[in-house]
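K.L.:
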Ligand SMILES: Nc1ncnc2c1ncn2[C@@H]1O[C@H](COP(=O)(O)OP(=O)(O)OP(=O)(O)O)[C@@H](O)[C@H]1O
Ligand SMILES: [Mg+2]
């Protein structure tokens, strides 16, 4: 079909179609015939760019001419500046020109919906993992307790200086380490509403910092606090919230390897009634591709034996059980910025 002939026939159609608000193109199987203004905007096409010189495959990937998919599908939209976006593509036949079908394709930028879907999926996965790991940890915890008990009993019965003592101590040490991991996993999967009471987040932060502030890791760290005065109390499990604060502060100090800037901020907001904790550092930050992974259990970039990779997954679980949210971003200080939002009334979030 000659594009000019085709255009002549579809021109009247095209003029009314041009009022469509969504980015749309008219095309044969492969060849573009016309774009509307929103389409030009979405793909960054200049005004002088002629549709007849372009192919649909340049905008939508994949675009298969052998099996042109009529209907709705997801694909990648390719802008003219080389960037791309997640797109929903709707293609339907419009009319026939010289016995060839002419189609209309509407393109919708769904990057934001897609990233929200990914976050939801991740959150569901974490919840499922939490439940599973909690159950496994429970099964492992009891036999481990037995191993430790019997190993200690044997150790007590051994005559002093016995050659088996060293090996026994290794068993006890390794089994104790496993117990710490199992306990962490239990916490990650636990969904109890015991211990919920009014909590002053500022107080929790002060107390946790007084515990770890003298640690070597903080000796060269300039820690600043920007607390909202009279921060409203939230209803939560104090012990678990202490763990959240501790994990975030320790991670920041570990990322900075002992020197840099640490900033801890608290704020409240009225709608929805909530408090916000922000922990940011001047460390190396977290690459974008790892930002969802860091909340998964056992994800760690630390050297073997230095981190379990459970800190943030436990933190995520606790925040979720409090009906809150945790997100990670780039801080103005140059490193990572963790934001935890917690509703004042955690009633809805208590049952995990
Ligand atoms: N403030 C931060 N800056 C840079 N990377 C971070 C920061 N916080 C967490 N991470 C990254 O996220 C990973 C997972 O953190 P998480 O607390 O779950 O485990 P971990 O710190 O490695 O181990 P553990 O908490 O058991 O000591 C870390 O290994 C690190 O790569
Ligand atoms: Mg950690």
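In this note's numbering, the protein residues as written are 13 to 364. Glycine residues also receive a C-beta, built at the ideal position from the N, C-alpha and C atoms.
Just to confirm, is the Cβ distance from residue 272 to residue 348 under 9 angstroms?
P.N.:
It is not a contact, given that the beta carbons lie outside the stated cut-off.
K.L.:
Let's see if you can read the secondary structure: which residues bound the alpha helix (DSSP H) around residue 223?
P.N.:
Residues 213 to 224.
K.L.:
Would residue 268 and residue 295 be called neighbours here (beta carbons separated by less than 9 angstroms)?
P.N.:
The answer is yes: Cβ separation under 9 angstroms.
K.L.:
At the level of alpha carbons, what is the spacing between residue 38 and residue 107?
P.N.:
Computed Cα separation, rounded: 10 angstroms.
K.L.:
Just curious, the beta strand (DSSP E) that residue 234 is in, first and last residue?
P.N.:
Here the beta strand (DSSP E) through residue 234 covers 232 to 238.
K.L.:
Does residue 128 pass the burial test, meaning 16 or more other C-beta atoms within 10 Å, or should it be called exposed?
P.N.:
The residue in question, residue 128, is exposed, as its Cβ has fewer than 16 Cβ neighbours within 10 Å.
K.L.:
Nearest to residue 35 by alpha carbon, out of 231, 75, 100 and 279?
P.N.:
Comparing Cα positions, the closest option is 100.
K.L.:
Less than 9 angstroms separating the beta-carbons of residue 167 and residue 180?
P.N.:
Yes, Cβ-Cβ distance for residue 167 and residue 180 is below 9 angstroms.
K.L.:
I need the DSSP call for residue 43, collapsed to helix, strand or coil.
P.N.:
Three-state result, residue 43: strand.
K.L.:
Can you list, in chain order, the stretches of the alpha helix (DSSP H) that have 4 or more residues and sit fully within the segment 88 to 172?
P.N.:
Counting only runs of 4 or more, we get 123 to 169.
K.L.:
Note the first and the last residue of the continuous alpha helix (DSSP H) segment covering residue 77.
P.N.:
Taken as a continuous stretch (DSSP letters only), residue 77 belongs to no alpha helix (DSSP H), as it is neither H nor E.
K.L.:
Is there contact here, the segment 51 to 60 with the segment 79 to 96, by at least three beta-carbon pairs under 8 angstroms?
P.N.:
Verdict: yes, contact present.
K.L.:
Please classify residue 204: does DSSP put it in a helix, a strand, or coil?
P.N.:
For residue 204, the predicted model reports a pLDDT of 49, less than 50, meaning its position is unreliable and no value from the coordinates is stated.
K.L.:
How would you call residue 336, buried or exposed, if buried means at least 16 neighbouring beta carbons within 10 angstroms?
P.N.:
Residue 336 is buried by the Cβ-count criterion.
K.L.:
Between residue 72 and residue 44, what straight-line distance do the alpha-carbon atoms span, to the nearest angstrom?
P.N.:
C-alpha separation (whole angstroms): 12 angstroms.
K.L.:
Look at the alpha carbon of residue 113 and the alpha carbon of residue 49, and state the distance between them as a whole number of angstroms.
P.N.:
Going by the C-alpha atoms only, they are around 23 angstroms apart.
K.L.:
Give me the residue from 256, 339, 184 and 190 with the minimum Cα distance to residue 303.
P.N.:
Here the closest residue by C-alpha is 339.
K.L.:
Taking a contact to mean a Cβ-Cβ separation below 9 angstroms, would you say residue 321 touches residue 308 in this structure?
P.N.:
Yes, Cβ-Cβ distance for residue 321 and residue 308 is below 9 angstroms.
K.L.:
What is the rounded straight-line gap between the Cα of residue 330 and the Cα of residue 136?
P.N.:
Roughly 15 angstroms separates the two Cα atoms.
K.L.:
Taking 8 angstroms as the cut-off, is the beta-carbon of residue 4 closer than that to any non-hydrogen atom of ligand 2?
P.N.:
As displayed, the chain neither begins before 13 nor continues past 364, which places residue 4 out of reach and without an answer.
K.L.:
For residue 121, collect the residues of the same chain with a Cβ closer than 7 angstroms to its Cβ; drop the 5 residues on either side in sequence, then sort them by chain order.
P.N.:
Correct list, in chain order: 54, 89, 97 and 99.
K.L.:
Keeping to the same chain, check which residues put their C-beta closer than 7 angstroms to that of residue 222; ignore five residues upstream and five downstream.
P.N.:
Same-chain partners within the cutoff: there are none.
K.L.:
Collect the residues with a C-beta less than 7 angstroms away from any heavy atom of ligand 2 and give them in sequence order along the chain.
P.N.:
Every residue passing the under-7 angstroms Cβ criterion appears here: 259, 262, 263, 266, 319, 323 and 324.
K.L.:
Taking the alpha-carbon of residue 162 as reference, which of 69, 289, 183 and 278 has the nearest alpha-carbon?
P.N.:
Out of 69, 289, 183 and 278, 183 has the C-alpha closest to the C-alpha of residue 162.
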